[in-house]
Each structure stands twice: as C-alpha cells, then as structure tokens.
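Have a look at the structure below before the remarks.
Residue numbers (this note's numbering): 5 to 175.
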C-alpha cells in the first residue's frame, strides 16, 4: 500500500491507474485530481477528488450518480457490480435477503429513481438492513436538491473508505 508521498510521485498514468476505481465508474475523477498534487495527506487527496466531482457540470454529475448500482437491485443479485460495490453491499447483508426484502428494495429503488432520476446511494458499511431501509424511506420524502447533496455526501463517505484501503495512512 503506497503512502501519500509515493502517490504524489506517480506519473499521471500511474496515479490514475491506482485511484481510478475509487469513484464508481469514474476514472475522470482521478484524472482531474492529478493536477492538484502534491497532497499533504490522504484527507487532502480525498478532498481534491470530491471537489472534482462537485465542480463537474450538472449533467456530468447526474451521469456519475447514475453510474452507481441500486441497493439489492438486479445488478447486485447478478453480481454485475464493481468488486467494491459487491463487498460493500455484502457487508450489510444485502446479498442475502429474503424474497420479500428484495421486493421491498425493488419498490423503493423504483420510487427513488422515479422521483430523483438517479439511484439511492448510501454508505452501507456498518449499517444494518433495517437501518438502511429506514434511511431509504426517510430520504424519499426530501426535495431533489437536498437529496442530490445527500447522495454526494454519501459518496464522499464511501470513497474515503475506499481510498483508505488504497493509500496508506497519513491524514
């Protein structure tokens, strides 16, 4: 696991290769964050990457949000997600639900996508199925701007956990 100094010393291709999967299906985040080197810490690297997403045009941010899998959705059941997403959903037991639970997630996923135009996104590590469902239902009542901000905040949490598994500690 490289430390932040090693990451800073990588050329552009090496930097992108190391960090491309941090943000779901969005290597462009690492590509754009490269210009912000050097980073004083892993936290600074992460902040730069999050800033890239937030600075992206609205249409690109929406496409980015839509690159995330639905919780316990068809892609999850078929294990057609990134390895990180498979592990993360599995850590919350979302890969071993009853048929009734899968139906409930399907209904919530459809209602959420219909209302907001992107999938429900939440950092599932450390959360139970029931806790996830409670947040899911609560967030369905929000307005679109509040929910888009919540999705980006959850992505920041998810990607910080991913980045901490890629780059050695140092902030």
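Even for Gly, the Cβ is constructed at its ideal location relative to N, Cα and C.
Source: prediction; values computed, not measured.
Mind checking residue 61: buried by the 16 CB within 10 Å criterion, or exposed?
By the beta-carbon neighbour count (other beta carbons within 10 angstroms, threshold 16), residue 61 is exposed.
Buried or exposed, going by whether 16 or more other CB atoms sit within 10 Å of the CB of residue 129?
Residue burial annotation: residue 129 is exposed, with fewer than 16 other C-beta atoms found within 10 angstroms of its C-beta.
With contact counted as at least three CB pairs below 8 Å, one residue from each stretch, are the segment 114–127 and the segment 68–81 in contact?
Enough Cβ pairs lie closer than 8 Å, so yes.
Integer-rounded CB distance, given that residue 76 should sit under 8 Å from residue 109
For a cut-off of 8 Å, the C-beta gap from residue 109 to residue 76 is around 4 Å, short enough to register as a contact.
For residue 64, does the three-state DSSP call read helix, strand or coil?
Three-state DSSP puts residue 64 in a helix.
Using C-beta distances below 6 Å, list every residue in its chain close to residue 79, excluding the 5 sequence neighbours before and after it, in chain order.
Only 73, 85 meet the Cβ criterion.
Using a Cβ-Cβ cutoff of less than 6 Å, which residues in the same chain neighbour residue 89 once the five nearest sequence positions on both sides are dropped?
Around residue 89: 73.
Beta carbon of residue 203 nearer than 7 Å to that of residue 20
As shown, the chain starts at 5 and ends at 175. That puts residue 203 outside it, with no answer to give.
Hey, residue 40 and residue 30 are a contact pair by Cβ (cut 8 Å); roughly how many whole angstroms apart?
Not confirmed; about 16 Å, so no contact.
Indicate the three-state DSSP secondary structure (helix, strand or coil) for residue 12 in the structure shown.
If DSSP states are grouped into helix, strand and coil, residue 12 belongs with the helices.
If we count the other Cβ atoms within 10 Å of its Cβ and call it buried at 16 or more, is residue 175 buried or exposed?
Confidence at residue 175 is low in this model, with a pLDDT of 48, below 50, so the placement of that residue should be treated as unreliable; the coordinate-derived value is given next. Exposed.
Using a Cβ-Cβ cut-off of 8 Å (strictly less than) and excluding sequence neighbours within five positions of residue 163, which residues of its own chain qualify?
In its chain, beyond the 5 residues on either side, 26, 27, 50, 53, 54 have a beta carbon closer than 8 Å to the beta carbon of residue 163.
Counting only runs of 4+ residues fully inside the segment 31–85, write out the alpha helix (DSSP H) ranges in chain order.
Taking only runs of at least 4 residues, the alpha helix (DSSP H) segments lying wholly in the segment 31–85 are 31–37, 46–59, 62–70, 78–81.
For residue 143 and residue 151, which I take to be in contact (beta-carbon distance under 8 Å), what is that distance rounded to the nearest angstrom?
So it is a contact: roughly 6 Å between Cβ atoms.
Pick from 137, 167, 115, 165 that is closest to residue 101, judged by C-alpha positions
Shortest Cα-Cα distance from residue 101 to any of 137, 167, 115, 165 involves 137.
In or out: residue 83 buried (at least 16 other Cβ within 10 Å) or exposed?
Counting the other Cβ atoms within 10 Å of the Cβ of residue 83 gives fewer than 16, which makes it exposed.
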